[in-house]
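Residue numbers (my numbering): 1 to 569.
Have a look at the structure below before the remarks.
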Amino acid sequence: MKNNIIVKRFILLVLFCVFSVLFILPLVKTNIIFYGDDLIFQLHRILEMTTNFRNGNLFIGIYTYTFHSIGYPLNLFYPWVTLLPFVFFGLLVKNSVIAIYIGIAFYTLLTLTFTYWTTKKFSNNNLQSFMTAVIYTFCSYRTIDIYARFALGEFIALTFLPLCVYGVYAIVLGNNKDWPFLGFGMSFVLLSHLLSVVLYIIFLFILFILFITYKKNKKIKRIIALGKAVIISILSSAIFLIPFLEQETYQKISQPDKMDMVAQALLPSKVIIESLNNNLTRGDAGNTYNIGIILFLAIILGIAQYKNWNRKYKIIYLLGIIFLFISTSLLPWNLIEKTPLSIIQFPWRFLTISSYLLSLIAGYECKILMNSVAVSYVRAIGIFVLSLIIITPWYTGITNFKNPVNNNEKFALATFTPKGVNYTDSGKKVEPALYHLGDYAPMDGTKKLPGIISKSASINGKKFTLKKVIANPNEIEFSNSKFKSARNITLPIFTYRNLKIYNNNDQELSYKVDSYRRIVVRETNNSDLIKVRYKLSNLDRISILISILTWIVGIAFFIKNMYLLRIRN
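What follows is the structure, encoded as structure tokens:
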């Protein structure tokens with residue numbers, strides 16, 4: 001019996017590995033990373049982290065090698081921990097294209113595993129769990145997220161959504177001792193993508209309220225379990241959260257641009273058409289982001305089966321449709337975009353939640369379909385056929401995505417270098433707008449950003465351009481002979497908390513901040529070199545320690561619980 005379980009789990013792992021390779025195979029064979037909306041931004045994040053790791057720096061306060069070497073504090077404002085697998089593969093594999101695709105396959109494997117695991121705990125049915133995992137992993141929006149949009153943070157956050165949803169379900173309706181699913185799941189969403197945190201909290205709060213009304217007993221215990229999940233989520237994500245809050249309380253920071261949410265809301269008719277077409281191409285190629293044909297068919301089939309379902313599947317089904325509805329122009333987004341919810345930028349981001357919920361329904365419908373099949377080999381054939389039905393339209397969509405008609409901007413990476421990412425058309429100029437350099441700049445200094453980018457400095461108001469700028473981990477060196485005897489040197493870099501200024505002898509220099517939040521060095525003590533360095537604060541160090549200890553304790557308790565469960569069984 002024990003050996004039989006081990007064999008089944010091994011076969012399942014092998015299948016999930018095969019599916020993970022299949023998810024990247026059509027594109028990795030081209031040795032090209034096709035252009036996506038956030039491609040340049042995200043690849044240079046990985047490049048910066050990879051370069052720092054090669055040079056022995058594991059905590060990045062300011063970006064110095066990339067993003068025009070302006071001391072961009074991206075890791076202090078944008079979650080970075082879940083990029084570490086991409087950095088690891090970038091260090092391990094010479095071909096950076098392959099390294100990126102291995103990273104995508106890694107998170108695909110985690111998505112399959114987490115979705116299967118949580119669905120199994122939710123449904124106690126292997127077939128339903130397997131089909132839900134495959135459907136969710138290959139759903140249209142998740143594919144669009146990574147390939148058409150290259151929205152890496154949002155894509156990674158989708159990996160942990162099943163943990164969060166099961167965690168809420170367990171706290172309210174199931175085994176409330178499973179609260180760590182919510183705690184660690186939400187923490188890794190927070191360590192991936194902040195806007196996804198906003199979306200998921202809205203959804204999970206609705207889910208919690210709906211479920212708690214049906215559970216009359218042990219409400220206090222369940223609320224305590226929820227509190228534990230919140231605490232562990234904060235502790236686990238302290239490595240990002242504390243430095244982030246440290247910077248946010250230092251000065252007013254520019255936030256990502258607000259979008260016209262009315263224009264971004266999906267047209268219902270186009271959602272239906274593009275879902276039936278299983279269109280996976282970019283939005284500016286004429287596509288409307290959609291849920292794909294499999295999930296659309298799940299909605300249609302659900303209409304016929306709905307009355308026979310139990311309450312929890314009815315709730316999941318209705319919520320899946322509601323969040324699909326929310327992403328469209330049927331909602332008055334002209335009113336909503338005047339509220340704090342406008343921070344989400346794009347109404348179609350709610351497709352993340354709709355896609356997961358409808359995947360649960362589609363997996364449940366597959367189970368119902370196979371219930372009448374008793375012969376094991378016939379069930380195996382049925383599972384294979386269902387998997388083929390899921391993969392075929394996905395493969396067709398990916399093939400169309402590769403078509404030059406839909407995607408004529410190809411960026412083939414050769415290597416990561418300190419100068420940037422080398423593309424096929426290496427002479428192509430990358431505009432600053434594609435780096436989003438205006439995001440997270442001091443609000444009072446945004447009008448001076450072009451001068452920061454062009455390395456425009458000044459001494460007592462007299463401007464000149466710095467020609468010699470050297471990047472080091474967490475440090476930028478500005479060199480000019482005029483610095484030696486000068487006073488009040490305005491450098492092309494904004495101030496942030498924990499920045500320190502040194503001369504060539506590593507003597508700390510005093511500085512002030514001008515009205516545009518640029519650093520102004522009072523004098524250099526006869527040095528022609530000025531170093532601007534991000535130095536970890538005690539809070540930074542404490543935050544790193546808190547998160548690492550939380551992860552270690554979490555892993556230890558997980559191993560202990562698995563061991564005790566094995567003994568009981």
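From the three backbone atoms N, C-alpha and C, an ideal C-beta is built for every residue, glycine too.
A Cβ-Cβ contact shorter than 8 Å links residue 239 with residue 547. Going by DSSP, residue 492 is part of no alpha helix (DSSP H) but of the beta strand (DSSP E) stretching over 487-494.
The closest CA to that of residue 371, considering only 354, 180, 128, 361, is found on 128. Taking a 10 Å sphere around the C-beta of residue 487, we find fewer than 16 other C-beta atoms and assign the residue as exposed. Cβ atoms of residue 478 and residue 499 stay farther apart than 8 Å, at about 13 Å.
At a Cβ-Cβ threshold of 8 Å, residue 69 and residue 380 do not count as neighbours. In this structure, the straight-line span from the alpha carbon of residue 62 to that of residue 534 is close to 7 Å.
For residue 568, the enclosing alpha helix (DSSP H) starts and ends at 538-568.
The alpha-carbon of residue 503 is positioned some 6 Å away from that of residue 529.
Listed in chain order, the non-local C-beta contacts of residue 160 below 6 Å within the same chain comprise 185, 188, 189, local neighbours out to five positions each way being set aside.
Around the beta carbon of residue 89, a 10 Å sphere encloses 16 or more other beta carbons of the protein chains shown; the residue is thus reported as buried. Residue 457 sits in a strand when the DSSP states are folded into three classes. Note: residue 57 is not bridge-paired with any residue in the DSSP secondary-structure output. Pairwise C-beta distances place the stretch 151-170 in contact with the stretch 202-221, as three or more of them are shorter than 8 Å. Scanning its chain for C-beta atoms nearer than 7 Å, with the 5 sequence neighbours on each side dropped, one finds around residue 208 the residues 168, 172, in chain order. When the alpha-carbon of residue 358 is set against those of 313, 46, 457, the nearest one is in 313. With the rule of 3 Cβ pairs closer than 8 Å, the stretch 28-39 does not count as touching the stretch 67-83.
Look at residue 142 here: in three-state DSSP terms it is helix. For the pair of segments examined, the stretch 72-92 was found not to touch the stretch 514-530: the number of CB pairs separated by less than 8 Å stays below three. Taking C-beta atoms as the reference points, residue 476 and residue 513 fail to come closer than 8 Å. In this structure, residue 241 sits away from residue 179, with a CB-CB distance that is not shorter than 8 Å. Residue burial annotation: residue 450 is exposed, with fewer than 16 other C-beta atoms found within 10 angstroms of its C-beta. By the Cβ rule, the stretch 373-393 does not count as touching the stretch 141-148, because fewer than three pairs are nearer than 8 Å. Taken atom to atom, the span from the alpha-carbon of residue 279 to that of residue 246 is near 43 Å. With a minimum length of 4 residues, the unbroken runs of alpha helix (DSSP H) contained wholly in the stretch 333-381 fall at 333-336, 351-370.
The alpha carbon of residue 361 has as its nearest neighbour, out of 299, 154, 19, 81, the alpha carbon of 299.
Using a C-beta cut-off of 8 Å, the stretch 257-277 makes contact with the stretch 321-328, since at least three inter-stretch Cβ pairs fall below that distance. Beyond the five residues adjoining it in sequence on each side, residue 250 comes within less than 6 Å, by CB distance, of 497 in the same chain, given in chain order. For residue 197, the number of other beta carbons within 10 angstroms of its own is at least 16, and it is reported as buried. In this structure residue 170 is buried. Its beta-carbon is surrounded by 16 or more other beta-carbon atoms within 10 angstroms. Taken through DSSP and simplified to helix, strand or coil, residue 211 comes out as helix. Per the C-alpha coordinates, the member of 74, 455, 39, 157 positioned closest to residue 469 is 455. Beta-bridge analysis with DSSP links residue 51 to no other residue. By the CB criterion at 8 Å, residue 347 and residue 255 fall outside the cutoff. Counted as a single uninterrupted DSSP element, the beta strand (DSSP E) harbouring residue 532 occupies residues 529-534. Taking residue 396 as reference, the option from 321, 308, 473, 293 with the minimal CA-CA separation is 293.
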